[in-house]
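Input: a single structure, listed below in structure tokens.
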């Protein structure tokens, strides 16, 4: 089990959703930058814990350059915390809210996103939530990473059934 006060120095909160909190932090033992993704509920349900473990396993299994690296999943009090790679990027949603992209940056992001999705799909993973919040880009290094595999599925886990569009899980964009 981790101890935030002795193991990590929290730098800033990056994101908050209904289910999780995401922090940029430094690992005190070696000064490594890291992202901490924590389940928000103090007492998550078994279903939430299972889904979080699945997100970690899927992310960790992907050996794709443009997918965020998952380092570890640890217990924290009655919940879990995921330790993720920090490459200094910002979400595309945040970047677009600050200023328009240059044509060069637009094409770089478009090409890298497409290549990333091809590699993810080749690994039989369907992300199901590709949107500007889940595409992270470092403007200095031009590095791009796909994040948040929270509702992703392995292809063999999906059943072929007809589902009305209003009942589909994920983002249809």
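Residue numbers (the working numbering): 3 to 175. Note that the Cβ used here is the ideal one computed from N, Cα and C, for glycine as well.
Would you tell me roughly how many angstroms separate the C-alpha atoms of residue i and residue j, rounded to the nearest one?
i           : j           : result
residue 26  : residue 93  : 13 angstroms
residue 208 : residue 70  : A query on residue 208 cannot be resolved here, the shown segment of the chain reaching from 3 to 175 and no further.
residue 13  : residue 91  : 15 angstroms
residue 81  : residue 127 : 26 angstroms
residue 15  : residue 151 : 20 angstroms
residue 116 : residue 110 : 10 angstroms
residue 123 : residue 86  : 21 angstroms
residue 83  : residue 100 : 30 angstroms
residue 32  : residue 9   : 10 angstroms
residue 43  : residue 22  : 8 angstroms
residue 158 : residue 79  : 33 angstroms
residue 58  : residue 102 : 33 angstroms
residue 118 : residue 48  : 31 angstroms
residue 39  : residue 114 : 24 angstroms
State the CB to CB distance for the pair residue i and residue j, rounded to an integer number of angstroms; the pair is presumed to be in contact (CB under 8 angstroms).
i           : j           : result
residue 147 : residue 138 : 5 angstroms
residue 56  : residue 30  : In fact, because the Cβ distance is near 29 angstroms, the residues do not count as touching under 8 angstroms.
residue 35  : residue 88  : 4 angstroms
residue 136 : residue 149 : 5 angstroms
residue 60  : residue 154 : 5 angstroms
residue 64  : residue 112 : With 8 angstroms as the limit, residue 64 and residue 112 do not qualify as a contact, their Cβ atoms being about 20 angstroms apart.
residue 46  : residue 95  : The pair is not a contact, with the Cβ atoms about 26 angstroms apart (cut-off 8 angstroms).
Can you tell me which residues form a DSSP beta bridge with residue i?
i           : result
residue 9   : BP columns for residue 9 are empty, so no partner.
residue 140 : 145
residue 14  : 26
residue 155 : 128
residue 74  : 85
Residue ranges of each alpha helix (DSSP H) within the segment 80-137, 4 or longer: Taking 4 residues as the shortest admissible run, the segment 80-137 contains the following complete alpha helix (DSSP H) segments, listed from N- to C-terminal end: 94-100, 105-124.
Sequence ranges, alpha helix (DSSP H) only - wholly within the segment 25-67, length at least 4: 48-63
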